[in-house]
Amino acid sequence: MGTRPRTKAKLAKKAKRCTKCGSLVTYRVRCKKCSKAT
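Here the numbering used here is used: position 38 in the sequence shown is 32, and no number is missing along the way.
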């Protein structure tokens, strides 16, 4: 099957929001904007 592009809807299901700035933190430990660990 190869690699499929992941849809934003599927990413958002797994994603958590940053407690500080509220942006979506998807597959990382840290937030992109404020680099606060979730």
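Using N, Cα and C, we set each Cβ at its ideal position, and we do this for glycine too.
Given the structure is predicted, the values throughout are model-derived calculations rather than measurements.
Per DSSP, residue 35 is paired with what? Nothing about residue 35 can be reported from this structure: the residues present for the chain run from -5 to 32 only.
Do residue 17 and residue 11 come within 8 Å of each other at the CB atom, strictly closer than that value? yes
Going by alpha carbons, who is nearest to residue 15 out of -2, -3 and 27? Of all alpha-carbon atoms in -2, -3 and 27, the one lying nearest the alpha-carbon of residue 15 is that of 27.
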